[in-house]
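A quick write-up on the structure given underneath.
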DNA sequence: GCCGTTTTCGGCCCGACTGTTTTCAGTCG
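In my numbering, the protein residues as written are 382 to 952.
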């Protein structure tokens, strides 16, 4: 069993305990355990088999260790079953309605018999919600609005969608005279693959004037709440924006606090407490005396830590690494020297070889791999052996005309159900660069899928595994495979794992990057461009890599063209 | 439920805002 599955069980217990008894500390303990389990470098199953004491793991005590053993042996645990008997499982959906926390949900359950979203909708429409003690008309309206938002599946936005909002909002904020300085915090700043809302920290000479001007912006649909410190808005399209006004001396501590992630902030506050200080969004305090706060660096520094990049702030080991002086030097966008996955109109792209090459030159790249689909992907007009060979001749002819760009003749070859490849070995051996990917039979069981992927890795003719989990954000779950086995195979055979930069893919996901790196694997970051402008997706791939702790040397396409040629010849 | 150079009990990060309230609980981040 994978760690992620064990972690899911702990998270479900946390959800149900929150409803059942509302002991927030116990809930937090279960969630901390789940988070730790997810980011554990080793498999729990292996540790258990080796007779390791699981309670030695941070955030895992005697009781959680016992539960893990039980889960590994039986696939579930008694505590979870008990909770499911006591609390209707669907109440956790009801908790996702904004404004409804555990207390209110249990009150609705007790007094109105509500067990799921449908019950809640009916009760709210009948006016039963407002009749309850402590609830009123406004709450009922908020519930109805929240229900439609939960049901429509809105709630999380792709990072790129959020970036588009930030760009337009930014242009408008720039024009407001009362605003001295602003910055986006939250999961957007941590470059998470999807974001729920935008957190913006604003320093303003005149808060009233700034707030009034912001409310007046054309994108704003509704003012959700408004106080002296905070302004919450809903934009057209439903994205929620939390604006926080801060003084100059607090700008850094506010940015730090609102960037999170929450567990990272809590750990920092504990470090302050250990020294008898207090950390909040206004600064780091010793009594009434502010020790730091104007910049993030000043706060980290007083806590005896180096500044930590936002992408790492997930409480996935970054604080221990920072204390030990072992933070990674994260890969940066300007270190990328080429793109190793791109399509043309020979398969399902929309531009010719030359147009793609031109676009790569505009990005300042030294190389671009043209990797059209193989025949199995018939909807994409995939190419057979003869067509691929002919296409490669075209690519090389164009390459002859270019003196500042290596246009690599490649392919994205399909991995068939049994792990064999969709083109002949001799065809693949004649190419500069071979990406192998899955585009069908996503529902094979873990064992079969692992065999399939490992077979491709061990074929000896593949350079890189394309979008390894094949997930589509908000649309398709990742396929299941034994990650440790696959990553070990990649490390051993020198096959690169692709971090696909398509905004709806972002695949390999960040947590897998971290694990694969520990296993000794290496990576590419590529856009999978289907038209020239798609080469601009590269920043999103770099974001994922940074969240996955990857450094320059982990990423093949940070190499100069000379080194790249050398490495590929050797392989 | 976890944790410990305040150590086996009694803590657990901290503040803003709203709604339904006469002093605060609940939710959110």
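Think of the CB as a built atom: it goes at the ideal place given N, C-alpha and C, for glycine as much as any other residue.
Status (buried if at least 16 other CB within 10 Å, exposed otherwise) for residue i
i, result
"residue 573", "buried"
"residue 519", "exposed"
"residue 343", "Here the chain comprises residues numbered 382 to 952, so residue 343 is not present and cannot be evaluated."
"residue 390", "buried"
"residue 714", "exposed"
"residue 617", "exposed"
"residue 507", "exposed"
"residue 685", "exposed"
"residue 384", "buried"
"residue 593", "exposed"
"residue 522", "exposed"
"residue 695", "buried"
"residue 434", "exposed"
"residue 730", "buried"
"residue 578", "buried"
"residue 408", "buried"
"residue 856", "exposed"
"residue 548", "exposed"
"residue 471", "exposed"
"residue 654", "exposed"
For residue i, the three-state DSSP class (helix, strand or coil)
i, result
"residue 621", "strand"
"residue 674", "coil"
"residue 947", "helix"
"residue 645", "helix"
"residue 938", "helix"
"residue 528", "helix"
"residue 475", "helix"
"residue 727", "coil"
"residue 398", "helix"
"residue 932", "strand"
"residue 853", "strand"
"residue 908", "coil"
"residue 722", "strand"
"residue 921", "helix"
"residue 551", "helix"
"residue 661", "strand"
"residue 408", "helix"
"residue 562", "strand"
"residue 486", "helix"
Pick from the options that is closest to residue i, judged by C-alpha positions
i, options, result
"residue 812", "818, 791, 825", "791"
"residue 656", "667, 663, 662, 646", "667"
"residue 620", "652, 575, 737, 735", "575"
"residue 902", "937, 510, 641, 917", "937"
"residue 836", "848, 492, 802, 443", "802"
"residue 388", "428, 700, 833, 448", "448"
"residue 798", "815, 786, 833, 759", "833"
"residue 464", "740, 511, 401, 424", "401"
"residue 600", "584, 625, 552", "552"
"residue 642", "440, 659, 691", "691"
"residue 720", "514, 581, 904, 492", "904"
"residue 705", "844, 687, 470, 722", "687"
"residue 758", "712, 738, 819", "819"
"residue 591", "624, 509, 934", "624"
"residue 698", "896, 872, 628", "896"
Contacts around residue i, its chain only, beta-carbon distance under 7 Å, and the 5 residues preceding and following it disregarded
i, result
"residue 663", "631, 634, 674"
"residue 637", "677, 680"
"residue 808", "766, 769, 770"
"residue 615", "602, 603, 605, 621"
"residue 426", "382, 453"
"residue 554", "560, 563"
"residue 921", "540, 541, 882, 884, 887"
"residue 810", "842"
"residue 467", "401"
"residue 776", "734, 751, 788, 790"
Cβ-based neighbour list, residue i, same chain, cut-off 8 Å, excluding 5 preceding and 5 following
i, result
"residue 671", "630, 663, 664, 665"
"residue 844", "814, 815, 816, 876, 877, 949, 952"
Same chain, Cβ closer than 6 Å to residue i, five either side skipped, listed in chain order
i, result
"residue 881", "848, 888, 909"
"residue 543", "569, 576"
"residue 588", "626"
"residue 870", "835, 838"
"residue 650", "660"
"residue 493", "504, 509"
What ranges does the beta strand (DSSP E) occupy inside the stretch 428-471, keeping only unbroken runs of at least 3 residues that lie completely in it? none
As an exercise, report each continuous alpha helix (DSSP H) stretch of at least 4 residues that is fully enclosed by the stretch 744-830, in chain order. 766-782, 806-810
Counting only runs that start and end within the stretch 677-706, where is the alpha helix (DSSP H) found for 4 or more residues in a row? Segments of the alpha helix (DSSP H) lying fully in the stretch 677-706: 677-683, 699-704.
Which runs of the alpha helix (DSSP H) fall wholly inside the stretch 564-621 and span at least 4 residues, in chain order? Runs of the alpha helix (DSSP H) lying entirely within the stretch 564-621, each at least 4 residues long, are 567-570, 588-596 in chain order.
Within the stretch 861-901, note down every full alpha helix (DSSP H) run reaching 4 residues or more, in order along the chain. 864-874, 891-899
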